[in-house]
């Protein structure tokens, strides 16, 4: 009888050890498939168009794609809509787009009578983003207008970023550049336009640095997949843009923006992406 008990005890110990060993070597579950897409949209109050004094309400937003479980990347409200098709952590790059509002006589811009209109513009291009540390980001966008102003413009943004619990604070300087075609659209005046308007003289704008300024934002994660970002910014026209009679006599050298972006993250399966 004691032999039977001994064999039973040995069998129980062996089974327990085998179960524990099997648990130790059990394969870890594979990472979640698909992607997490974060889309943010909201209204912003901004200067109606470059060189204007009036303001208008214009949509703004952000977009970011990441693997499930990865932290949501920082996005400034003045970033163009871009996707990081190249991402090695400290450097990201991909296509980017932006829509600019039109220039005309409506919305309190009657002083621009006689000057050429500029249709709304779809800008398409590329961006690059460099992370020196988790608290400092440099981003550059270069975009070509495919209609409207038909020019090439670029932005450089530097951001200092700090997170406290559910809040993310960011602030940094901004630079904007434009080629001659872009600057002509908003700041040049032909002799004929000058004679019709009567308040400005003829002027030929040149490409280069168009404005300098800064932007600050505060993001609050109020639910696991929802956030709200409040932001405000200021820039001042410089160089050839600042010398134009358009902002000096008809509009303003000071350009403002401010608004709110509500963002939501959700799971997405994209067939052509692994």
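Residue numbers (our numbering): 25 to 298.
Quick reminder that beta carbons are idealized off the backbone N, C-alpha and C, glycines included.
Just so we're clear, the structure is a prediction, and the values are computed from it rather than from any experiment.
Nearest-angstrom Cα separation, counted from residue j out to residue i
i           : j           : result
residue 175 : residue 198 : 20 Å
residue 42  : residue 96  : The predicted position of residue 42 is uncertain, since its pLDDT is 47 and thus under 50; a value taken from the coordinates is nonetheless stated next. Cα-Cα distance, rounded: 41 Å.
residue 62  : residue 289 : 4 Å
residue 138 : residue 184 : 43 Å
residue 223 : residue 173 : 23 Å
residue 114 : residue 152 : 11 Å
residue 88  : residue 106 : 7 Å
residue 253 : residue 159 : 18 Å
residue 248 : residue 134 : 47 Å
residue 286 : residue 132 : 29 Å
residue 188 : residue 258 : 25 Å
residue 242 : residue 69  : 17 Å
residue 282 : residue 130 : 21 Å
residue 219 : residue 208 : 18 Å
residue 81  : residue 145 : 16 Å
residue 273 : residue 221 : 11 Å
Proximity below 8 Å, CB of residue i to CB of residue j
i           : j           : result
residue 216 : residue 127 : no
residue 86  : residue 58  : no
residue 71  : residue 279 : yes
residue 75  : residue 226 : no
residue 244 : residue 190 : yes
residue 102 : residue 277 : no
residue 269 : residue 261 : no
residue 263 : residue 237 : no
residue 204 : residue 230 : yes
In DSSP terms, what residue i is bridged to
i           : result
residue 59  : 292
residue 112 : According to DSSP, which records beta bridges pairwise, residue 112 is partnered with nothing at all.
residue 270 : Partner(s): none; residue 270 has no beta bridge.
residue 259 : 237, 279
residue 154 : 115, 162
residue 252 : 244, 286
Buried versus exposed call for residue i [16 or more other C-beta atoms within 10 Å across all chains shown]
i           : result
residue 228 : exposed
residue 84  : buried
residue 202 : buried
residue 3   : Any question about residue 3 goes unanswered here, given that the chain covers just 25 to 298.
residue 212 : buried
residue 142 : buried
Chain-order list of residues whose beta-carbon lies under 6 Å from that of residue i (same chain, five-residue window excluded)
i           : result
residue 161 : 155, 183
residue 179 : 165, 200
residue 147 : 122, 167, 169
Cut-off 7 Å between Cβ atoms - residues of its own chain near residue i, not counting five sequence neighbours on either side
i           : result
residue 275 : 75, 76, 77
Close beta carbons around residue i, own chain, < 8 Å, minus the five adjacent residues each side
i          : result
residue 79 : 69, 70, 71, 72, 280
Check: residue i C-beta below 7 Å from any heavy atom of the ligand COA
i           : result
residue 174 : As presented, the structure is devoid of all ligands, the ligand COA included, so that no description of it is given.
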